Amino acid sequence: MFPIVKAILWAQWRSLRNFYPRDMVSFVFAGLMLAMWYGMVILGAGAVAILMSNPSRNELWLRFLPRGLMWAMGYWQIAPLVLSSAGASLDLKRIRIYPIQHSHLFFVEVLLRLTTGVEMLLLVLGATIGLLWNPTIPKWAPLFFLPFVLLNLFLSAGLRDLLGRLLARRGVREVAVLLMVLLTGLPRLVMVFGVSPETAAFLDRLRFQFDYSPWNTAATLVSGRFHLAAAAALLGWAFFAFLFGRWQFERGLRFDTEAAGSARLSATSRTVSGLTDRLFSIPSRIFPDPLGVLIEKELRILVRAPRFRLIFFMGFSFGLLIWLPITYRSNFGGGALSSNYLTLVSAYALLLLGEVSFWNIFGFDRTAVQNYFVLPVPMKTVLAAKNITAFFFCILEIGAIAVVCAIFGMSVSLGQLVETTSVVLVMCMYLCAVGNLGSIYFPRPVNPTQSWKSAAAGRMQAFLILIYPVIGIPIALAFLARYAFESELAFYGVLAAGMLVGVTIYWVARESAVEALEVRKEKFLGTLTQGEGPISA
Amino acid sequence: MDGMSLTVPQGCFFGFLGPNGAGKTTTIKMLMGLAPPTSGEIEMLGFKMPEGSIEIKKRIGLVPDEALLFDHLTGLEFVEFVGRMYSIERSIAKERARELMELFQLDALPGKLIAEYSKGMRKRVAMAAALIHRPQLFLMDEPFEGVDAVGARLMKDILLDQVRRGATIFLTSHVLEVVERLCSRVAIISEGRIVLENDMDALRGTDSTLEDAFVRVVGGDRKSEALGWL
Chain E
1 MFPIVKAILW
11 AQWRSLRNFY
21 PRDMVSFVFA
31 GLMLAMWYGM
41 VILGAGAVAI
51 LMSNPSRNEL
61 WLRFLPRGLM
71 WAMGYWQIAP
81 LVLSSAGASL
91 DLKRIRIYPI
101 QHSHLFFVEV
111 LLRLTTGVEM
121 LLLVLGATIG
131 LLWNPTIPKW
141 APLFFLPFVL
151 LNLFLSAGLR
161 DLLGRLLARR
171 GVREVAVLLM
181 VLLTGLPRLV
191 MVFGVSPETA
201 AFLDRLRFQF
211 DYSPWNTAAT
221 LVSGRFHLAA
231 AAALLGWAFF
241 AFLFGRWQFE
251 RGLRFDTEAA
261 GSARLSATSR
271 TVSGLTDRLF
281 SIPSRIFPDP
291 LGVLIEKELR
301 ILVRAPRFRL
311 IFFMGFSFGL
321 LIWLPITYRS
331 NFGGGALSSN
341 YLTLVSAYAL
351 LLLGEVSFWN
361 IFGFDRTAVQ
371 NYFVLPVPMK
381 TVLAAKNITA
391 FFFCILEIGA
401 IAVVCAIFGM
411 SVSLGQLVET
421 TSVVLVMCMY
431 LCAVGNLGSI
441 YFPRPVNPTQ
451 SWKSAAAGRM
461 QAFLILIYPV
471 IGIPIALAFL
481 ARYAFESELA
491 FYGVLAAGML
501 VGVTIYWVAR
511 ESAVEALEVR
521 KEKFLGTLTQ
531 GEGPISA
Chain R
1 MDGMSLTVPQ
11 GCFFGFLGPN
21 GAGKTTTIKM
31 LMGLAPPTSG
41 EIEMLGFKMP
51 EGSIEIKKRI
61 GLVPDEALLF
71 DHLTGLEFVE
81 FVGRMYSIER
91 SIAKERAREL
101 MELFQLDALP
111 GKLIAEYSKG
121 MRKRVAMAAA
131 LIHRPQLFLM
141 DEPFEGVDAV
151 GARLMKDILL
161 DQVRRGATIF
171 LTSHVLEVVE
181 RLCSRVAIIS
191 EGRIVLENDM
201 DALRGTDSTL
211 EDAFVRVVGG
221 DRKSEALGWL
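Each protein sequence line maps, in turn, to chains E and R. Be aware that the first sequence starts at 1, since it is given in the numbering used here, and climbs by one per residue. Be aware that the second sequence starts at 1, since it is given in the numbering used here, and climbs by one per residue.
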């Protein structure tokens, strides 16, 4: 059994390693990032060890240990899920064809969970060392970390399979990812609006009821306070986690993702004719072919790509979640933010949309990108089609934001709409100019069904940090002109000048992009036609 | 590719063979302008590459090895899209796409996305898209791979019809029996060089099969007995 297990672990290691870029610069950069990350974790583990070894600090760490273990457990469960969705984790279903006993597969799965929760293992190791050095803590106490670790490994294995099956369904996956993203904005809302006394009391009651939670029991036991009930509870949690993990793992092995996917898609099969078809064909009535058909194709593909839909929804949900609290707070003081909230949220939404509309415009095409070289169509027409589609979705996003703002009871005047649309159009022009070049110099294949993974190449993302402030200059100047001259004419005059410069830059950038594409054609096609790894999930 | 010189007569059903990694797909990529040659010239249908590439592309139908399909379009939408890219009027492209989908028996599930298609269905859609503008030259990389017997028969009949109307077909395939039955001329490439080029009739006259000739010229007659443990 062990040679096979070793081979599987080796494959897991290789798949994790291959997840990172291979060219020297990116590899060194990724290596440095990894070294920094794990260096920080090791430092953290060292700090934990020092803190917990000091008897005079017992009171301090005892207070924070349950919460620390709770966060550790949360991280342990979430990290593998993110890794799995990013395609860097080994899918054991594909291992079944090899001569390994079925009963050993769960054991292998649990071992694999070790490799995806290294950070927590290091911290637990630090805590163990600290406790062993602490003269006031009995030597048996750190042993209770073992059921805590096992519990996490079993639970992690089960949750990964459970969520893997749930997320195989398109609708569920999108809603789940959207909820996860919105949850990240929750702390901000809590900070701004605070927590009502009733909610605080409820949370307190909840905490009391979780006295026998895995983190509380583990904290009690590893700190040397042995209670039979706590020990039984912790071992019970570990046992139930084992049963849950094993059950979900078995179900996961039997689950046919492909079949579920096709059943799902058949159930939601689209009607080609009718209203949707007429909507999609509007560009063809406005623009001549091949521009018209290219825009029509872009619209159809983007609307059907779960990844694009998610980001589009995030534009007016997550964006509002971020800006609404500030706007509300600003409303009380009558600040400038509240009068420009529509523009602010729209500009923020534009940044989100950039990922799928500007920075990597050939990403969703992947292998099919070859069509643009095979079919008799000039490349600048293809770029124009993709850019016009991006403009369309940006305007649509503004409409959606305005509707949501109106639902939240915030007044949206026609003047605000015109202002926001003008600002967004100017920004779009610059974003398209830079994006066209970026899409050719840093292309990256993107799976349109993967909702959770960055679409732009790492170097492009680094470049964006520099470029966004530059793109914001004409907009800032327009607002400055309005402030200085107290005139709408000055505002729109500067904006128009910005647009003129933007169009010129766009024109030059598009020509440069076409020329660059001719030179870099092979590399460009080679990058975009790379398939997904044979063992990635 | 290394010093390759190849002439394909107009109206010919040309088989282009070679072992894996010999350079067949690279040749097709060069013919389509996807991989420019470092030296030498390519002339097709009276136009030189790369100057005349748009004119050449207008006259070519491509069935690639790895189908160039947009996964999130339906088969019908994709074929119509390709037709319109060749400047066929929208209504005509739509009608031809519908007829081609019917011909290739892909019309049963019009709402099905290409992402949901099997490999054989993807090849059929690629073939349908390659036909929509009545090209003068077909470049086909393993067109029958993954296609069922009925589909393959249909595709062969269509291709022979195209040759009869004067079109030229440049086909790569690993199935030598298919090449032997369809092609009028073959070339074999190995390690980037043409090692054999002849008419099928002349090859048949040598009293050996295409497979024998193929194995002989690419040096693939290694015996498995060399591995004692096998």
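Glycine included, each C-beta is placed from N, C-alpha and C at the ideal position. Only a predicted model underlies this, so the values are computations on that prediction, with no experimental measurement involved.
Ranked by how close their Cα comes to the Cα of R:D212, the residues R:R165, R:E180, R:A226, R:D2 have R:E180 in first place.
In the structure shown, the three-state DSSP call for E:R251 is helix.
When only Cα atoms are considered, R:R165 and R:L182 end up about 15 Å apart. Here the alpha carbons of R:G52 and R:S91 stand approximately 29 Å from one another. Close to chain R, meaning a Cβ-Cβ distance shorter than 9 Å, are the following residues of the stretch 351 to 385 of chain E: F364, D365, R366, T367, A368, V369, Q370, N371, F373, V374, L375, P376, V377, P378. A direct Cα-Cα distance of roughly 15 Å separates R:L109 from R:V79. In this structure, E:P214 is the residue among E:T116, E:P214, E:L179, E:A157 with its C-alpha nearest to the C-alpha of E:F145. Assignment of R:E43 by DSSP, reduced to helix, strand and coil, places it in the strand class. Residue state for R:D199 is assigned as strand, using DSSP reduced to three classes. A direct Cα-to-Cα measurement between E:G46 and E:N54 gives close to 13 Å. The DSSP-derived three-state label of R:K48 is strand. Within chain E, S281, S284, D289, G292, V293 have C-beta atoms less than 9 Å from the C-beta of R:R90, given in sequence order. Interface annotation for the stretch 516 to 531 of chain E against chain R: K521, E522, L525, T529, criterion Cβ-Cβ distance under 8 Å. In the assembly as shown, E:F27 is an exposed residue. Its beta-carbon has fewer than 16 other beta-carbons within 10 Å.
Burial of R:F16 is indicated by the presence of at least 16 other C-beta atoms within 10 angstroms of its C-beta. Between the beta-carbon of R:K57 and that of E:L302 there is about 26 Å, and that puts the pair past the 8 Å contact cut. In the structure shown, E:M429 falls within a helical segment according to DSSP collapsed to helix, strand and coil. Not a single CB atom of chain E sits nearer than 8 Å to the CB of R:Y117. R:V186 is bridged by DSSP to R:G15, R:N198. Residue R:F13 holds the alpha-carbon nearest to the alpha-carbon of R:L137 among R:F13, R:M1, R:M4, R:G219. With 16 or more other Cβ atoms from the protein chains shown falling within 10 Å of its own Cβ, E:G252 counts as buried. The stretch 273 to 286 of chain E makes no contact with the stretch 338 to 349 of chain E, as fewer than three CB pairs between them are under 8 Å. R:I194 and R:A152 have their C-alpha atoms some 28 Å from each other. Between E:V222 and E:L131, the C-beta gap is smaller than 8 Å, which places the two residues in contact. Contact check for E:P448 and E:F524: beta-carbon distance about 19 Å, past the 8 Å limit, so the pair fails to qualify. Contact holds between the stretch 129 to 143 of chain R and the stretch 74 to 89 of chain R, because three or more Cβ pairs, one in each stretch, are under 8 Å apart. With a beta-carbon spacing of about 6 Å, R:E142 and R:S173 fall inside the 8 Å limit used to define contacts. Uninterrupted alpha helix (DSSP H) stretches at least 4 residues long and entirely within the stretch 156 to 184 of chain R occur at 176 to 182, given in chain order. Against chain E, a Cβ distance below 7 Å from R:G33 picks out F373.
The shortest CA-to-CA distance from R:G219 to any of R:M1, R:S5, R:A22, R:A93 is the one to R:A22. Here the alpha carbon of R:V147 sits roughly 7 Å from the alpha carbon of R:K123.
Ranked by Cα distance from R:S39, the options R:M1, R:D201, R:Q105 are led by R:M1. Here R:D157 is exposed. Its C-beta has fewer than 16 other C-beta atoms within 10 Å. Residue pairing for R:F138: DSSP places it in a beta bridge opposite R:G61, R:I169. The Cβ-Cβ distance between E:Q248 and E:L162 falls below 8 Å.
Residue pairing by DSSP puts R:T74 in a beta bridge opposite R:L113.
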